[in-house]
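Student: Just so you know, we're using my numbering here: the sequence shown kicks off at 1105 and counts up by one.
Where a beta carbon is used, it is the ideal one built from N, C-alpha and C, also for glycine.
Have a look at this one before I ask anything.
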Amino acid sequence: MRQLRLPLILLLVLVATVLAPGSARPGTTSNVLSGSVGPGFTITLKDANGSTITHLDPGQYTVTVQNLSDPTSGVVHNFHLKGPGGVNLATTSDPGATTWDVTFVDGTYTYLCDFHPLQMKKTFTVGTAPPPPPPPVKKLTGKVGPGSTITLKKTSGSLVRTLKAGRYAITVRDASTKDNFHLLGPGVSKKTGVRPRTSVTWRVTLRAGKYAYFSDAHRKLRRTFKVVK
Ligand SMILES: [Cu+2]
């Protein structure tokens, strides 16, 4: 009996090790990806759980792409996958399924529709690729005074009329003791004081919509601009 007990314990330990969650069991993550393009202006690449791919481990994958374009609509799409390791695969614009065996290495991959490369384009990273840098903060300069003047200008010196939504650093020079600089619009209300002369930098996120900047002391001293997506 005692002679049997030791091998039995060893066997139990071995079984427990193999079945333990988190222990190395290659092949537990699915290497099957599904892409689709169309019928609208959509392009996707998803894992077996239906989650959009943003990051993958390096390795071999099977990618099946469905071209769901509706040729009778007159709008055609294709699915083009490219990136490091010489990956450069594209379907035709014909509807149907295409399957590729792809080896992904460290880096950033792009998939897009060649017919609508701006509208229908996404990226994901593989391995230890650095995350994409945050979008740059654009600079603007606001001024009120001296005298009855108020302006908001781009770094080029031109007056702001239309901006793209995003993050901005706005440096405001309030050179008036009778007026202030008040920026008001979707998600933003920032102002200097009416009396003091000041210089201040505001970091703001401008959203699509209409913005105005004005003096709270003289509301006619006012300009507007538009922010678009
Ligand atoms: Cu397209």
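1) With a Cβ-Cβ cutoff of 7 Å, do G1157 and F1228 count as a contact?
2) What does a CB cutoff of less than 8 Å around H1159 pick up in its chain, not counting 5 residues either side in sequence?
3) For ligand 1, enumerate in chain order all residues having a CB closer than 6 Å to any of its heavy atoms.
4) In chain order, what residues of the same chain have a beta carbon less than 8 Å from the beta carbon of N1284, not counting five sequence neighbours either side?
5) For the beta strand (DSSP E) that contains I1254, what are its first and last residues?
6) Can you give me the start and stop residues for the beta strand (DSSP E) that R1307 sits inside?
7) Based on Cα-Cα distance, which residue from P1143, V1191, F1219, G1270 lies nearest to S1177?
8) With a threshold of 8 Å on Cβ separation, who are the neighbours of G1187 within its own chain once the five nearest residues in sequence on each side are excluded?
9) Using 7 Å as the threshold, is the C-beta distance between L1216 and A1269 below it?
10) Find out if the Cβ-Cβ distance for the pair G1184, D1151 is shorter than 7 Å.
11) For Y1315, does the three-state DSSP call read helix, strand or coil?
12) What residue does the beta strand (DSSP E) around S1138 start on, and which one ends it?
13) Give me the residue from V1180, N1153, T1259 with the minimum Cα distance to A1273.
14) So if DSSP puts S1280 in a beta bridge, which residue, or which two residues, is it bridged to?
15) Are there 16 or more other CB atoms within 10 angstroms of the CB of N1171, so buried, or fewer, so exposed?
16) With respect to the beta strand (DSSP E) encompassing I1147, which residues constitute its N-terminal and C-terminal limits?
17) So who's on the other strand from S1293, going by DSSP bridges?
18) Can you name, in chain order, every residue of its own chain whose Cβ lies under 7 Å from the Cβ of P1250, other than the five neighbours on each side?
19) Please name the residue, chosen from G1190, D1161, V1167, P1199, that lies closest to V1179 on a Cα-to-Cα basis.
20) Measure the C-alpha to C-alpha separation of V1169 and T1196 and round it to an integer number of angstroms.
21) Quick check: what's the CA-CA separation for L1244 versus K1330?
22) Quick check on the burial criterion: 16 or more other C-beta atoms within 10 angstroms. Buried or exposed for V1136?
23) What did DSSP end up calling T1156 once you bin it into helix, strand or coil?
Tutor: Result, derived from the coordinates:
1) Just to set this straight, residue 1157 is Ile in the shown sequence, not Gly. Their beta carbons are under 7 Å apart, which means I1157 touches F1228 by this criterion.
2) F1228, T1229, V1230
3) H1181, C1217, F1219, H1220, M1224
4) Exclusion of the five residues before and after N1284 leaves V1248, D1278, K1295, T1296, G1297, V1298, S1319, D1320, A1321 as the residues of its chain whose Cβ lies within less than 8 Å of its Cβ.
5) 1254-1258
6) Counting along the chain, the beta strand (DSSP E) containing R1307 begins and ends at 1302-1310.
7) P1143
8) F1208, G1211, T1212, Y1213, T1214, V1230
9) Going by C-beta atoms, L1216 is not nearer than 7 Å to A1269.
10) In the sequence as presented, Gly is not what sits at residue 1184; that position holds His. Cβ distance not < 7 Å, so H1184 and D1151 don't count as in contact.
11) strand
12) 1136-1141
13) With distances taken between CA atoms, A1273 lies nearest to T1259 out of V1180, N1153, T1259.
14) Bridge pairing for S1280: absent [DSSP].
15) buried
16) 1147-1150
17) L1288, per the DSSP bridge assignment.
18) A1279, S1280
19) P1199
20) Taking the straight line from one Cα to the other gives about 11 Å.
21) Taking the straight line joining both Cα atoms gives about 14 Å.
22) exposed
23) strand
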